[in-house]
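Report on the structure given below.
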Amino acid sequence: MAKKQVNGFLRFFSISFLWGLFQWFYSGGEQCGFSQFPTFGLKAWSQTFYFDFSMTYIGAGMICSHLVNLSLLLGSVLSWGIMWPLIRERKGDWFPKTLPESSMKSLNGYKVFIAIALILGDGLYNFLKILFYTSRSMYTRMKKKNPKTFSDDENQPLDDLPRNEVFIREGIPLWVACVGYTLFSIVSVIVIPFMFPELKWYYVVVAYILAPSLSFCNAYGAGLTDMNMAYNYGKVALFVLAALSGKDSGVVAGLVGCGLIKSIVSISSDLMHDFKTGYLTLSSPRSMLLSQAIGTAIGCVVAPLTFFLFYRAFDLGNPDGEYKAPYALIYRNMAIPRCPRLLCASPALLAALLWVLCFCHSSQLAERSFPKEGWKNGSTSNGHGCAFPSRGLLCH
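Here the sequence shown stands for residues 209 to 604, numbered as in this note's numbering.
As structure tokens, this is what we get:
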């Protein structure tokens, strides 16, 4: 069996590599070659509905369930096929005509905030649901004197039994996670305001209080769709902190808070991937956590050194140079304190967010209340949200 798996891996790896090499010979730019094939015509191509012959999306679709694939398909059609063209026609009414669509006070603001509302609504619902079931399970076990460790072993496949045994036997105690998170939070609250005086210590405290729930939402969404949306959660922190800090220090505080939230949320998703890999390979969760901690510690030294190497040796950030750093300008513009006021200045955006949240929670309640009527096989709001800020080619 292992030999067949290795042969199959090598076969499809070779096909994917050779296909990528073949596409490279016919690439003539970002909008040339096989990367943007207009499957449904040029009109649909202008709305990013095209086929890029990417093996990555094909592989991701094979790994994800049909539920997630249908959610991404529906989200792409609703957003890039219907919503964004209709909102674009309201230019001048819902947002200023003079602004480019990439501005957060223009069409891009609708894309980001509506996607965040869907992802947060779905993630927080599941976070509260799992918190409720976990609390109830802990309460039930405390009442029992001899609780069973594996209550459903007789109903599980034989291959899962040793995995469950290793994963639970080598599990990480809850107190270790709580003490570690609290300790590093205290260190961050003390150190970060010294490094960046614009970010007050109480903003760091608020960030560490909100980070666990946001981390769960991102890890849950990454497990469903294999897409890490940590940057979108970081953008939310950027908007909030930039607005609270004001004009004098809002840009720096927003950028630092964005990096703080993004780092916490992203590393939690990566750690969940490592735990899943350890579970499938019968590896110890403790060894996976230790490896992640060692890699993070090395990165804390290597990453700043690499940055300063490029910063001093090359013309970093020059729009006409080799290292343009385009995201630096984008995130700085988003951190301008006037950007978060879009929510208050645009009643249309507020109404859209309320409708999206109502849809998200009503679909979750319908799935919970009527599982036998087919609601259990419906699409997920998290899948819709991942497709909203992305391009229409995801539906392929």
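Even for Gly, the Cβ is constructed at its ideal location relative to N, Cα and C.
Residue i - DSSP class collapsed to helix/strand/coil
| i | result |
| --- | --- |
| residue 484 | helix |
| residue 259 | strand |
| residue 299 | strand |
| residue 196 | Lying outside 209 to 604, the shown extent of the chain, residue 196 is not represented and no answer is given. |
| residue 248 | coil |
| residue 224 | helix |
| residue 531 | coil |
| residue 526 | coil |
| residue 504 | helix |
| residue 539 | helix |
| residue 348 | helix |
| residue 389 | helix |
| residue 370 | helix |
Same chain, Cβ closer than 8 Å to residue i, neighbours up to 5 away in sequence not counted
| i | result |
| --- | --- |
| residue 516 | none |
| residue 396 | 412, 416 and 468 |
| residue 466 | 442, 443, 445, 446, 449, 539 and 543 |
| residue 392 | none |
| residue 217 | none |
| residue 533 | 524 and 525 |
| residue 536 | 525 |
CA-to-CA distance, residue j to residue i, given in whole angstroms
| i | j | result |
| --- | --- | --- |
| residue 282 | residue 512 | 41 Å |
| residue 483 | residue 539 | 32 Å |
| residue 245 | residue 251 | 12 Å |
| residue 227 | residue 253 | 23 Å |
| residue 475 | residue 506 | 14 Å |
| residue 384 | residue 401 | 26 Å |
| residue 472 | residue 304 | 35 Å |
| residue 373 | residue 406 | 49 Å |
| residue 457 | residue 315 | 26 Å |
| residue 214 | residue 224 | 15 Å |
| residue 388 | residue 429 | 25 Å |
| residue 437 | residue 461 | 21 Å |
| residue 464 | residue 403 | 10 Å |
| residue 487 | residue 322 | 35 Å |
| residue 399 | residue 503 | 21 Å |
| residue 634 | residue 295 | This structure cannot settle anything about residue 634, because the visible part of the chain is limited to 209 through 604. |
| residue 212 | residue 489 | 18 Å |
| residue 496 | residue 375 | 11 Å |
| residue 301 | residue 425 | 34 Å |
| residue 519 | residue 311 | 27 Å |
| residue 330 | residue 265 | 23 Å |
| residue 418 | residue 231 | 44 Å |
| residue 219 | residue 498 | 34 Å |
Supposed close pair residue i, residue j - CB separation, criterion 8 Å
| i | j | result |
| --- | --- | --- |
| residue 320 | residue 443 | 6 Å |
| residue 247 | residue 258 | 6 Å |
Any non-hydrogen atom of the ligand MN within 7 Å of residue i CB
| i | result |
| --- | --- |
| residue 566 | Among the components of this structure there are no ligands whatsoever, and the ligand MN is therefore not found. |
Own chain residues within Cβ distance below 6 Å of residue i, not counting five before or after
| i | result |
| --- | --- |
| residue 378 | 492, 493 and 494 |
| residue 479 | 500 |
| residue 263 | 224 |
Cut-off 7 Å between Cβ atoms - residues of its own chain near residue i, not counting five sequence neighbours on either side
| i | result |
| --- | --- |
| residue 427 | 476, 477 and 480 |
| residue 293 | 255 |
### Query
Taking the runs of the alpha helix (DSSP H) that are 4 residues or longer, which of them lie wholly in the region 391-462?
Counting whole runs of 4 or more residues, the region 391-462 contains the alpha helix (DSSP H) stretches 409-433.
#### Entry: alpha helix (DSSP H) segments (min. 4 residues) lying fully within the region 262-298
List check, alpha helix (DSSP H) in window: 263-271, 274-284 and 292-297.
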